[in-house]
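Student: Chains as they are written, first to last, in full-length UniProt numbering: chain S, 1 to 129; chain W, 1 to 129.
Each residue gets a CB set at the ideal place from its N, CA and C atoms; glycine is no exception.
Dropping the structure in here first, questions after.
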DNA sequence: CTGTATCCGGGCTGATACTG
DNA sequence: CAGTATCAGCCCGGATACAG
């Protein structure tokens, strides 16, 4: 897993908007969930593994590393035996938490409408190929 | 392209949060960009193709169809020769636009910090494998 | 407890060509 | 103009095993 600054796919054509840059950060499957696991403060690795339901160790590490690289998450290694590692949001990460909360609130408030729209759409197009 | 309501991968373990549901809508590569192309009002297919830099016809259609199914976008077919199709946000879509704008604003305001953090991180870990 | 390494399958995505 | 169809590649992400 190179920590290179090599350009990724999303660098090619989505650099004008400024919004896409945020997506590059939070659009991964687990990123947002991991951030939310830290919204109440410091949390340890194993605790996150439990809190973020369904995530694997691999993806948790990968996600948290990326967030650390982006400066949104701080990692604090406590040299005990066995070792423990604490994660928390940086001040920068906290500023991102605000807009994300609004998005979550939108989801809670409107997702049912979305599901109804889907059902309605599928109903109307049920006979199509 | 089935319009089936078959469960997708993201249904398995990310149904508790309510936030993930929003991600299911906007986390695709192009979805957010397409929504933004409509933020100023009605826009035609070809115009979007130009406005959303780098998107292919296939992905534009696919993205816009999904949004239509989710009830966020309205499609208005004008029976001319050659035909033209207008897209616009539904009232529900407009409500989503608000939180998204805040996210975009965050990106504009903080992305430079993120880039600096990345550079710093890469610098510190340059010698690693 | 906190990771890392490897395999591998599926879906997203781009490129291209075709259609009404 | 506004799509659809098909092919192929690549990366995401899950499972599993191993390590400090």
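Terminal residues of the continuous beta strand (DSSP E) containing residue 88 of chain W?
Tutor: Position 88 of the second chain, counted from the start, is the residue given in the question as residue 88 of chain W. Unbroken beta strand (DSSP E) run through residue 88 of chain W: 84-89.
Student: What are the boundary residues of the beta strand (DSSP E) that residue 73 of chain S is part of?
Tutor: On the first chain, position 73 is the one that residue 73 of chain S refers to. Segment 73-78, the beta strand (DSSP E) holding residue 73 of chain S.
Student: Just grab the DSSP bridge partners of residue 43 of chain W for me.
Tutor: Against the second chain, residue 43 of chain W aligns to sequence position 43. Bridge partners of residue 43 of chain W: W/87.
Student: The alpha helix (DSSP H) spanning residue 38 of chain S covers which residue range?
Tutor: Translated into positions along the first chain, residue 38 of chain S becomes position 38. Premise fails: residue 38 of chain S is in no alpha helix (DSSP H) and is neither H nor E.
Student: In three-state DSSP terms, what is residue 107 of chain S?
Tutor: Translated into the one-based positions of the first chain, residue 107 of chain S becomes position 107. In this structure, residue 107 of chain S counts as helix in the three-state DSSP scheme.
Student: Quick one: which chain S residues come within Cβ less than 7 Å of residue 107 of chain W?
Tutor: Translated into positions along the second chain, residue 107 of chain W becomes position 107. Result: 18, 19, 21, 22.
Student: So residue 64 of chain W is in the alpha helix (DSSP H); what residue range does that whole segment cover?
Tutor: Position 64 of the second chain holds residue 64 of chain W. From DSSP, the alpha helix (DSSP H) with residue 64 of chain W extends over 57-69.
Student: At a CB distance below 9 Å, what residues from the segment 84-108 of chain W approach chain S? Give them in sequence order.
Tutor: Here the close residues are 90, 92, 95, 96, 98, 99, 100, 101, 102, 103, 104, 105, 106, 107, 108.
Student: In chain W, which residues lie less than 9 Å from residue 25 of chain S when you measure between Cβ atoms?
Tutor: For the purposes of this step, residue 25 of chain S is identified with residue 25 of the first chain, where counting begins at 1. 107, 111, 114, listed in chain order.
Student: With residue 81 of chain W as the anchor, note down where its alpha helix (DSSP H) starts and where it stops.
Tutor: Looking up residue 81 of chain W in the second chain gives position 81. Looking at the DSSP string, residue 81 of chain W is not in any alpha helix (DSSP H), and its letter there is neither H nor E.
Student: Is there contact between the segment 49-57 of chain W and the segment 104-114 of chain S, where contact requires at least three CB pairs shorter than 8 Å?
Tutor: Cβ pair count under 8 Å is below three, so no.
Student: Just to confirm the assignment, what range does the alpha helix (DSSP H) spanning residue 21 of chain S have?
Tutor: Stepping through the first chain from its first residue, residue 21 of chain S is reached at position 21. Taken as a continuous stretch (DSSP letters only), the alpha helix (DSSP H) holding residue 21 of chain S covers 19-26.
Student: Answer yes or no: do residue 72 of chain S and residue 93 of chain S have a C-beta to C-beta separation smaller than 7 Å?
Tutor: By 1-based counting over the first chain, the position of residue 72 of chain S is 72. By 1-based counting over the first chain, the position of residue 93 of chain S is 93. Yes. Within cutoff.
Student: When the cut-off is 7 Å and only beta carbons count, does residue 1 of chain W lie next to chain S?
Tutor: As a position in the second chain, residue 1 of chain W is number 1, starting the count at 1. Because the pLDDT at residue 1 of chain W is just 36, under 50, the model does not fix this residue reliably, and the value given afterwards should be weighed accordingly. Output row for residue 1 of chain W: interface = no.
Student: What residues of chain S sit near residue 71 of chain W, judged by a beta carbon separation below 7 Å?
Tutor: If you number the second chain from 1, residue 71 of chain W lands on position 71. Neighbours of residue 71 of chain W on chain S, chain order: 113, 114, 117.
Student: Establish whether the CB of residue 37 of chain W and some CB of chain S are separated by less than 7 Å.
Tutor: Position 37 of the second chain, counted from the start, is the residue given in the question as residue 37 of chain W. So, not an interface residue.
Student: Is residue 126 of chain W closer than 7 Å to residue 19 of chain S when the C-beta atoms are compared?
Tutor: One-based indexing of the first chain puts residue 19 of chain S at position 19. One-based indexing of the second chain puts residue 126 of chain W at position 126. Not a contact, by the Cβ cut-off of 7 Å.
Student: Taking only the alpha-carbon atoms, compute the straight-line gap between residue 62 of chain W and residue 103 of chain S and give it to the nearest angstrom.
Tutor: Numbered from its first residue, the second chain carries residue 62 of chain W at position 62. Numbered from its first residue, the first chain carries residue 103 of chain S at position 103. Rounded to whole angstroms, residue 62 of chain W to residue 103 of chain S spans 23 Å at the Cα level.
Student: What's the gap between the Cα of residue 44 of chain S and the Cα of residue 79 of chain W?
Tutor: Position 44 of the first chain holds residue 44 of chain S. Position 79 of the second chain holds residue 79 of chain W. Answer to the nearest angstrom: the Cα atoms are 59 Å apart.
Student: Given a threshold of 16 other Cβ atoms within 10 Å of its Cβ, counted over all protein chains shown, does residue 124 of chain W qualify as buried or as exposed?
Tutor: For this step, residue 124 of chain W is matched to residue 124 along the second chain. Exposed, since its Cβ has fewer than 16 Cβ neighbours within 10 Å.
Student: Between residue 124 of chain S and chain W, is any beta-carbon pair separated by less than 7 Å?
Tutor: Reading the first chain from its first residue, position 124 is the one you call residue 124 of chain S. For residue 124 of chain S, the answer is no, since every Cβ of chain W falls outside 7 Å of its Cβ.
Student: Residue 65 of chain S CB to nearest chain W CB: under 7 Å?
Tutor: Residue mapping note: residue 65 of chain S aligns to position 65 of the first chain, counting from 1. So, not an interface residue.
Student: Excluding the five sequence neighbours on either side, which residues of its own chain have a C-beta within less than 7 Å of the C-beta of residue 117 of chain S, listed in chain order?
Tutor: As a position in the first chain, residue 117 of chain S is number 117, starting the count at 1. Excluding sequence neighbours, residue 117 of chain S sits near nothing in its chain.
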